[in-house]
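K.L.:
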Amino acid sequence: MTAAVVPGTEPADASVAAAAPAAGARPGIPITRWALRVATVLAVVGLWQLLAANDVVAWLHFDTVPSPGEVLNAWWQRLGTSQYYLDVGQSLIRIGTGFALATAVGVPLGIALGRSSVAGDTLGTLTELARPIPAIALVPIAILVFPSDEAGMVFITFVAALFPIVVSTRHAVRALPTIWEESVLTMGGTRRDVVLRVIVPGIMPGVFSGLSVGIGVAWICLISAEMISGRLGIGYQTWQSYTVVDYPGVFVGMFTIAALGAVTSGGIELIGRRVTGWLPRGERHS
Numbered sequence: 181m182t183a184a185v186v187p188g189t190e191p192a193d194a195s196v197a198a199a200a201p202a203a204g205a206r207p208g209i210p211i212t213r214w215a216l217r218v219a220t221v222l223a224v225v226g227l228w229q230l231l232a233a234n235d236v237v238a239w240l241h242f243d244t245v246p247s248p249g250e251v252l253n254a255w256w257q258r259l260g261t262s263q264y265y266l267d268v269g270q271s272l273i274r275i276g277t278g279f280a281l282a283t284a285v286g287v288p289l290g291i292a293l294g295r296s297s298v299a300g301d302t303l304g305t306l307t308e309l310a311r312p313i314p315a316i317a318l319v320p321i322a323i324l325v326f327p328s329d330e331a332g333m334v335f336i337t338f339v340a341a342l343f344p345i346v347v348s349t350r351h352a353v354r355a356l357p358t359i360w361e362e363s364v365l366t367m368g369g370t371r372r373d374v375v376l377r378v379i380v381p382g383i384m385p386g387v388f389s390g391l392s393v394g395i396g397v398a399w400i401c402l403i404s405a406e407m408i409s410g411r412l413g414i415g416y417q418t419w420q421s422y423t424v425v426d427y428p429g430v431f432v433g434m435f436t437i438a439a440l441g442a443v444t445s446g447g448i449e450l451i452g453r454r455v456t457g458w459l460p461r462g463e464r465h466s
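Quick note: the sequence shown, position 142, residue 322 per this note's numbering, numbers continuous.
Right, here's the structure in full:
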C-alpha cells in the first residue's frame with residue numbers, strides 16, 4: 181500500500197530545507213550602498229573644510245571652527261600620549277560597570293513588572309515616579325551620597341541605562357501571546373518552564389531594543405557627569421580642552437565619544453542578532 185501523504189507536506193519540507201541556509205545567511209551590504217555612505221561622509225567633511233578654511237560667518241560662526249586637518253593633527257598627537265588612553269579606559273570602565281548593573285537589574289525588574297500586578301503596584305509605581313527625572317539631574321545627589329566620584333558616576337550611568345531597559349522589557353513581556361504560556365502549562369510545564377522556555381526567549385528582541393537605547397542614554401549622561409564632576413575620562417578632557425580654548429581638542433573629544441558609542445552600540449546589536457537568530461531577517465535588522 182502507498183502511505184498516505186498530507187497534501188503539500190513534501191513540497192513544504194523541501195522548500196524549508198532549501199531555504200534554511202538562505203535564512204541563516206546574511207549577505208554583505210552591496211558596494212553601491214557602501215559607496216553612498218562613504219560619499220555622504222566625504223561630502224560633509226568637504227563642506228566643513230570649505231566653511232572653516234574660508235572663515236564663513238553666516239549666522240553660524242565657522243571662523244572659530246578648526247578645519248578637519250587641524251582636528252586630525254590634534255587627534256594624532258593625542259594618540260601618542262598615555263593620558264588619552266587613560267581617559268578612554270576610565271570612561272569605558274564606568275560605562276561598562278553601570279550598564280552591566282543596569283542590565284542585571286533592569287531585565288528581571290521588567291519581567292516582574294510585566295507579569296505581577298503586585299510588583300506593578302509597588303516597584304512599578306516607584307519606577308514611573310523616578311523615570312521622568314533626568315539621570316544627569318542626580319549628579320548633585322550622587323556627589324552628596326556616594327563616597328567617591330567614581331561610584332557616583334557609575335550610579336549616574338546605571339540610572340540612565342536602567343529605565344529604557346525596564347520599560348522595553350516590561351512591554352515585551354506584556355506583548356507575548358498568552359496562548360504560549362497556556363500551552364506550556366497544559367502540557368505539564370511549571371511556572372519555571374514558562375519563564376525559561378517562553379518568557380525569556382520571547383522577550384529577547386524587546387530586551388535588546390532597550391539595551392540599544394540604554395547604552396546611548398548612558399553615554400550621554402556619563403559624558404555630562406564627567407564634565408561636571410570628573411577627574412578623568414573623555415568628557416572631562418573634552419571640557420578641559422574647551423576651558424583652555426583648545427578647539428581642535430574639543431573636536432577630538434567629540435569624535436572619540438562618537439567612536440566609543442558606535443563600538444558599544446554595534447557590539448550590542450551584533451550580540452542581539454546572534455541571540456535572536458530565530459527571527460526573520462527583516463525583524464532582526466529593524
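Glycine included, every Cβ here is placed at the ideal spot set by N, Cα and C. For clarity, every value in this text was computed on a predicted model and none was experimentally measured.
Smallest Cα separation from residue 441: which of 412, 380, 371 and 402?
P.N.:
402
K.L.:
Are the CB atoms of residue 323 and residue 409 nearer to each other than 7 Å?
P.N.:
Cβ distance < 7 Å, so residue 323 and residue 409 count as in contact.
K.L.:
Residue 249: which of 230, 239 and 424 sits nearest, CA to CA?
P.N.:
Among 230, 239 and 424, the Cα nearest to that of residue 249 belongs to 230.
K.L.:
Using three-state DSSP, classify residue 237 as helix, strand or coil.
P.N.:
For residue 237, the secondary structure class from DSSP, reduced to helix, strand or coil, is strand.
K.L.:
How would you label residue 221, buried or exposed, when you count the other beta carbons within 10 angstroms and need 16 or more for buried?
P.N.:
exposed
K.L.:
Where does residue 333 fall in DSSP's three states?
P.N.:
For residue 333, the three-state secondary structure derived from DSSP is helix.
K.L.:
Comparing alpha-carbon positions, which option in 394, 407 and 434 lies nearest residue 280?
P.N.:
394
K.L.:
Could you tell me the alpha carbon to alpha carbon distance between residue 379 and residue 353, rounded to whole angstroms?
P.N.:
7 Å
K.L.:
Taking just the CA atoms, how far does residue 450 sit from residue 204?
P.N.:
A caution first: residue 204 carries a pLDDT of 45, below 50, which makes its placement in the model too unreliable to give a value.
K.L.:
Keeping to the same chain, check which residues put their C-beta closer than 7 Å to that of residue 338; ignore five residues upstream and five downstream.
P.N.:
278, 281 and 282
K.L.:
Quick one: what does DSSP say residue 370 is sitting in, helix, strand or coil?
P.N.:
coil
K.L.:
With DSSP run on the structure shown, which of helix, strand or coil describes residue 295?
P.N.:
helix
K.L.:
If you run the structure through DSSP and keep just helix, strand and coil, what is residue 425?
P.N.:
coil
K.L.:
So, is residue 214 buried or exposed, given that buried needs 16 or more other C-beta atoms within 10 angstroms?
P.N.:
exposed
K.L.:
Can you give me the Cβ contacts of residue 397 inside the same chain, cut-off strictly under 7 Å, excluding the 5 residues immediately before and after it?
P.N.:
340, 341 and 344
K.L.:
Secondary structure at residue 410, three-state DSSP: helix, strand or coil?
P.N.:
Looking at residue 410 - three-state DSSP - the assignment turns out to be coil, as it is neither helix nor strand.
K.L.:
Note the first and the last residue of the continuous alpha helix (DSSP H) segment covering residue 321.
P.N.:
319–325
K.L.:
So, is residue 312 buried or exposed, given that buried needs 16 or more other C-beta atoms within 10 angstroms?
P.N.:
That one is exposed.
K.L.:
Shorter than 7 Å from the beta carbon of residue 345 to some beta carbon of chain C?
P.N.:
Here chain C cannot be found, since the structure has a single protein chain.
K.L.:
For residue 246, I'd like the list of residues in its chain whose CB is within less than 8 Å of its CB, leaving aside the five on either flank, ordered along the chain.
P.N.:
232, 254, 427, 428 and 431
K.L.:
By how many angstroms is the C-alpha of residue 348 removed from the C-alpha of residue 454?
P.N.:
19 Å
K.L.:
Classify residue 333 as buried or exposed, calling it buried when 16 or more other Cβ atoms lie within 10 Å of its own Cβ.
P.N.:
By the 10 Å Cβ count, residue 333 comes out buried.
K.L.:
I'd like the span of the alpha helix (DSSP H) that includes residue 255, first residue to last.
P.N.:
That run of the alpha helix (DSSP H) goes 248–259.
K.L.:
Which runs of the alpha helix (DSSP H), 4 residues or longer, sit entirely within the stretch 427–460?
P.N.:
427–455
K.L.:
Is it right to say residue 417 is buried, meaning 16 or more other beta carbons lie within 10 angstroms of its own, or is it exposed?
P.N.:
buried
K.L.:
Whole angstroms are fine: how far does the CA of residue 346 sit from the CA of residue 374?
P.N.:
Answer to the nearest angstrom: the Cα atoms are 20 Å apart.
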